[in-house]
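Undergrad: Residue numbering for the sequence shown follows the numbering used here, starting at -9 and increasing by one per position. Glycine is no exception: its CB is placed at the ideal position from the N, C-alpha and C atoms. This is the structure, below, for whatever I ask next.
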Amino acid sequence: MIWDITYQKREEGYSYTKCITIGPSGVHRSPLIGYENAMETSKQMTEHICEVFRSPISGIEIAEESLIEWLIKIQPTIPCVTIRKNVVTSVETLYRVLNNLDVTEYFHWESIATKKEFQITEPIQSRSIAIYESSWVGLPSILNGTNSIIRLYESKLTVEDINTILKEWQMGFKLRNLEYLRIDICTLLDAEICINRAVKDLNVTLSDGNDGRPTRVKIHDEFTFKLPRVNMVRNLTRSDGMIGSLFYEYKVHQLQNLTRMHVFFQVWSQQP
């Protein structure tokens, strides 16, 4: 049986809690109008269900900052967490989350509401991470992590940083668990020049992509992503036989004279 407890805050000025039960007899939805107490009702219901069924929370979408402290208190280890846009409003709260929540499977971050420019160097320890407006994620955070799936949107990493990531992966001492990496960047460079700089001093082979490379990547248990079709990939080979395929998509913004690059790196092995 699955319990889905949803707290929603409406623009009209009131809030409510909705409980959805999914079981053998179907799906049952029970809106529980709580108005000002809707958030507390959601917390109490969740704690009660966990206690009665002796089952932990499997995933949560955090839409208000108060939920962060509540989750740290009742269950600091959890498979899946999504933190919605502008919930985290300070660097201190960000570190509070990183240092006190152990998100084992999937960690999804939307934007952080602070104008302070900063970059973290500590890894974000989760199997799969997706971070929007990810300018705060520095290169050391990626290199020192154990992530399998990394997706960084609107990143401030450079082409040279991507080159470093590829070199470290190929040497085999870091990024050992990496299965899939996506980094979105903006650059003044032409797309082809950009990707050539990303593989500078690396021994790559070109492929049309029809060499057994998988076409899908498992982001987490409930989401598998179909990779974009490309005419050519650049392959790196590690000493253990693993293959890393680099490919990209791009869009040129003429007025800004910017190239928006979506850089993909997929790790796989030839099947016997």
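1) Drop a sphere of 10 angstroms on the beta-carbon of Ile183, count the other beta-carbons inside from all chains shown, and report buried for 16 or more, exposed for fewer.
2) Given a cut-off of 7 angstroms, decide if Gly162 and Arg203 are closer than it, judged by their beta-carbon atoms.
3) So within the segment 16 to 78, which uninterrupted beta strand (DSSP E) runs reach at least 3 residues, ignoring any that extend past its ends?
4) List the whole-angstrom C-beta distance separating Asp174 from Met251, where the pair is believed to meet the contact cut-off of C-beta under 8 angstroms.
5) Beta carbon of Ser118, beta carbon of His210: below 7 angstroms?
6) Between which two residues does the beta strand (DSSP E) holding Asn186 run?
7) If you compare alpha carbons, which of Glu55, Asn247, Ser125 and Gln65 is closest to Thr36?
8) Among Phe237, Met232, Arg206 and Arg166, whose alpha-carbon lies nearest the alpha-carbon of Leu196?
9) Nearest CA to the CA of Lys146: which residue from Glu169, Glu107 and Glu158?
10) Considering Val151, what are the terminal residues of the alpha helix (DSSP H) in which it resides?
11) Can you check DSSP and say which residues form a bridge with Tyr264?
TA: On the basis of the data shown:
1) exposed
2) no
3) 16 to 23, 49 to 52 and 67 to 73
4) 7 angstroms
5) yes
6) That residue, Asn186, is in no beta strand (DSSP E); its alpha helix (DSSP H) goes Ala181 to Ala188.
7) Gln65
8) Phe237
9) Glu107
10) Note that residue 151 is Asp in the sequence shown, not Val. Run containing Asp151: Val149 to Met161, per the alpha helix (DSSP H) assignment.
11) There is no way to answer for residue 264, as the model of the chain reaches only from -9 to 262.
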